[in-house]
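Protein chains in written order, with the numbering used here: chain A, 141 to 369; chain B, 5 to 414. A virtual CB, placed ideally from N, CA and C, is assigned to each residue, including glycine. See structure below.
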């Protein structure tokens, strides 16, 4: 199980704001293996979001190379990146980011639509994913009829539905009360035990503690990397 | 291919959902499209209705028939020039008849006057009474429904016999058999010997209110001093031009016109009316297409505007979709489909309205109206075109949105 999933080498990201270029990341080297459970911590403005966007293929680095399962992400165009996001990455956001006027089931089906699956196959797999987050009984409800915890479960089901190589969570408990947050973290732990690779951005110590490895980012650089297997 | 159909279906569903959410906005947006398509389709339906009626009814003039008359049909405002021309006479008619080959061209005089027709207490005023000869039957395509047409003897002896139009039979005789009955035309008594086949109405003219009497009887009863016209039916359409030239030569010769002197008569033909009609309708079409295009342009800009609003409103949704794998092309396709659907909706509303317009026109005006199939396709085609053309820019804007920024858009 030592095969490398994410391989970042000398990654830098520079934003050209009005006059001064902002160095969000400076020469970051990072390797993450399959089935790792990693948390990224850091104060706001440290560059952890930028790192996550690059790993999630939402953004491309200004310099350096990024291999995801051996594929050279740093050379890809927008459409190829979209396909990578669709097949290999599952996002879980702090604000859930569900489509408000679509049922839980439809929200979970969405990535499969972009993969071009037939509606029967979509329905089957979306129901399975909702089952994994124990929400099949709420599948026909719209997000506004669900509690915060339930919404995050729908989002997790959506992230899982395409069997991605990587689950990327950005402050997944940030909008939840502590009890619900604990439930969601339990779900992440289970997913990790089932073989999923999880990368989680958080600023809460007790959330980060669920991960087996914690990376601290400061001023666009990795300040500390604890628990590397 | 299948994957694209799946995505298309999803995009249509998204668009329909978005439209349902903003019903009022969607309908108002389509107003320009509705007006544009409605204008074009309505005018097309009126003109196609007119065409149908016109082509039918113009055939009573006969496309192979030349009309030798004092006045030209199309005068371009110089009618006074023609006032001093000599009247056409029966002598002119006889001269032309005697100097042409009846296998090539059949010639008949035509003269008419509006008179009162009476029978048994019923009366019809202002009935066109036409003086005819044996040849008129061929020249004017007269078809007898009941009874018979005049014999040569009746024509030569200037008998008071009459062939009546179908509507006269209906109105004067209340559909009783009129053959052999005596009626009064302007006080003179005539025997009915035949009834014409029904011809129908067009633009308020009823061709079935007409009566026909021998031309000699016409002059005897209503006076000799009047201008006639001479109708010449060319048996083979290919000969129309040479025959026309020959008749012109004969007329000039009969009137002793020297070379270089202008004709003091006119030889008219259906083509003249057809040309005038065609230029009128093509003018109408041009105007309709002009108005329609303008409305579609305004409508299209409205669509573009509302689509840009929609892109902004749904920026977050775009971010979400992109983050889970929607490509730029899929996103732009989504907005393009939405704009096409809005426009098709407008197009369909317009077609529905134009159907009612056509019914309305038929009900309140003498114009027949019918919606030609091509105008339906054209209307829908136009609205699709507008949807695509004015949807492209907003769709492109949506596609090039940055996924990270869009995700954080509130």
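- Distance from residue 231 of chain A to residue 196 of chain A at the Cβ level is roughly 6 angstroms; contact confirmed, criterion being Cβ atoms closer than 8 angstroms.
- Only 320, 321, 323, 324, 325, 326, 327, 328, 329, 330 and 331 from the stretch 319–331 of chain B bring a Cβ to less than 9 angstroms from some Cβ of chain A.
- Taking CB atoms only, residue 14 of chain B has a neighbour in chain A less than 7 angstroms away.
- In the DSSP annotation of this structure, the continuous segment of the alpha helix (DSSP H) that includes residue 269 of chain A starts and ends at 259–272.
- The beta carbon of residue 297 of chain B lies closer than 8 angstroms to those of 40 in the same chain, with the five residues before and after it left out.
- Burial of residue 246 of chain A is indicated by the presence of at least 16 other C-beta atoms within 10 angstroms of its C-beta.
- It is roughly 19 angstroms from the alpha-carbon of residue 132 of chain B to the alpha-carbon of residue 162 of chain B.
- Using a Cβ-Cβ cut-off of 8 angstroms, residue 256 of chain A is close to 6, 7, 8, 10 and 11 of chain B, given in chain order.
- Cβ neighbours of residue 249 of chain A within its own chain (closer than 6 angstroms, five residues either side excluded): 262 and 266.
- Of the residues assessed, residue 366 of chain A falls on the exposed side of the cut-off, its CB having fewer than 16 other CB atoms within 10 angstroms.
- The beta carbons of residue 168 of chain A and residue 362 of chain A sit closer together than 7 angstroms.
- Shown here, residue 126 of chain B sits in a strand according to DSSP, grouped into three states.
- For residue 282 of chain B, no beta strand (DSSP E) segment is defined; the enclosing uninterrupted segment is the alpha helix (DSSP H) at 274–317.
- With a threshold of 16 other beta carbon atoms within 10 Å, residue 87 of chain B falls short and is exposed.
- Bridge partners of residue 339 of chain A according to DSSP: A/178 and A/308.
- With the rule of 3 Cβ pairs closer than 8 angstroms, the stretch 148–165 of chain B does not count as touching the stretch 94–111 of chain B.
- Residue 178 of chain B: not part of any alpha helix (DSSP H); DSSP gives it neither H nor E.
- Chain-ordered, the chain B residues with CB closer than 8 angstroms to the CB of residue 253 of chain A read 10, 11 and 14.
- Contact with chain A is absent for residue 345 of chain B, since none of that chain's Cβ atoms lies less than 7 angstroms from the residue's Cβ.
- Interface criterion not met: the Cβ of residue 244 of chain A is under 7 angstroms from no Cβ in chain B.
- Residues of chain B whose Cβ lies closer than 9 angstroms to the Cβ of residue 193 of chain A are, in chain order, 407 and 408.
- No Cβ of chain B is located within less than 7 angstroms of the beta carbon of residue 169 of chain A.
- At least 7 angstroms separates the beta-carbon of residue 291 of chain A from that of residue 178 of chain A.
- Counting the other CB atoms within 10 Å of its CB gives residue 255 of chain A a total of 16 or more, which places it among the buried residues.
- When secondary structure is reduced to three states using DSSP, residue 301 of chain A falls in the coil class, being assigned neither helix nor strand.
- Assigned with DSSP and collapsed to three states, residue 396 of chain B falls in helix.
- Cβ contact annotation for residue 301 of chain A (same chain, cutoff 7 angstroms, sequence separation greater than five): 248, 251, 252, 265, 266 and 269, in chain order.
- Legend: CB atoms of the stretch 19–30 of chain B lying less than 7 angstroms from CB atoms of chain A belong to residues 21.
- When DSSP reads this structure, residue 200 of chain B sits in a beta bridge with B/148.
- The closest CA to that of residue 239 of chain A, considering only B/68, B/204, B/22 and B/356, is found on B/22.
- The Cβ-Cβ distance between residue 292 of chain B and residue 42 of chain B does not fall below 7 angstroms.
- Non-local C-beta neighbours of residue 324 of chain A in its own chain, meaning closer than 7 angstroms and more than five positions away in sequence, comprise 289, 292, 312, 313 and 316, ordered along the chain.
- Proximity of chain B to residue 218 of chain A at the Cβ level (cut-off 8 angstroms) is accounted for by 331 and 332, in chain order.
- Closest option to residue 122 of chain B, judged by alpha-carbon separation, among B/282, B/413, B/84 and B/186: B/186.
- With contacts defined as CB atoms closer than 7 angstroms, residue 186 of chain A and residue 358 of chain A qualify as a contacting pair.
- Chain-ordered listing is empty here: chain A has no CB closer than 7 angstroms to the CB of residue 301 of chain B, the nearest sitting near 33 angstroms.
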